[in-house]
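Accompanying notes for the structure given below.
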Amino acid sequence: MKETATEVTQLQVLLDAAYERSTEHLRNIITGPRRLDAGELVQVLTGMCTLNLATVTARGEPRISAVDGHFLHARWVFTTSGSAAKARHLKQRPAASISYVDGERIGVFSHGDVEFLTADHPDFAEIEEHLTNHYGSSPSSWGDDIVYCRLQPSWMVGYAFDKSAVLDTPAR
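Its first residue numbered 1, the sequence shown is counted upward by one per residue in the UniProt record's numbering.
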């Protein structure tokens, strides 16, 4: 967990606002006992999470792909090839949706804009260090055009069918 107290508080504000703006259908599924709060999310979203990333083509057609995601400072971070379709889509249209679903155990759904982080970004070194520690090598070494991306969420909800089981499971 790398989140500061301020980041957890800001995440909780985002989660509460998103839940309030959600449809009745979603609120009937993600009820109080199944709703994950910010502290719980940062506790369970450790290590690498396989994310479903949804982008849109120039013709407005949806596309979905998977990326290795890391929840750092209350935001999803991932890398990909700069020549990948998803990277091209996001460079032109940064709006994206990300979901992390582990069966009915946990689901985290996020919408927002993706930003590209370059080596001169103030957060880049910490992100690269985290990813290097996780993978054993820097993603930058995996190809000539690797890009680092981070979702700036404008909407997010977290769900656990059996919250106590999720929270009692040791972090990955």
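Every residue gets a Cβ at the ideal spot worked out from N, C-alpha and C, and that includes glycine.
In summary, E3 is buried, with 16 or more beta-carbon neighbours lying within 10 Å of its beta-carbon over all protein chains present. Taking S110 as reference, the option from T80, A87 and G69 with the minimal CA-CA separation is G69.
By the beta-carbon neighbour count (other beta carbons within 10 angstroms, threshold 16), A160 is buried.
Listed as beta-bridge partners of L117 by DSSP are Y148. For a cut-off of 8 angstroms, the C-beta gap from T80 to K86 is around 6 angstroms, short enough to register as a contact. Under the rule that a run must span 4 or more residues, the alpha helix (DSSP H) segments found entirely inside the region 74-100 read 85-92.
G112 places its beta carbon less than 8 angstroms from that of A96.
R105 carries a coil assignment under DSSP once its states are collapsed to helix, strand and coil.
If only uninterrupted beta strand (DSSP E) runs of at least 3 residues are considered, those enclosed by the region 22-64 are 48-56. Rounded to whole angstroms, G39 and E7 show a C-alpha spacing of 10 angstroms. Looking at the DSSP output, V67 shares a beta bridge with L51. The DSSP-derived three-state label of S137 is coil.
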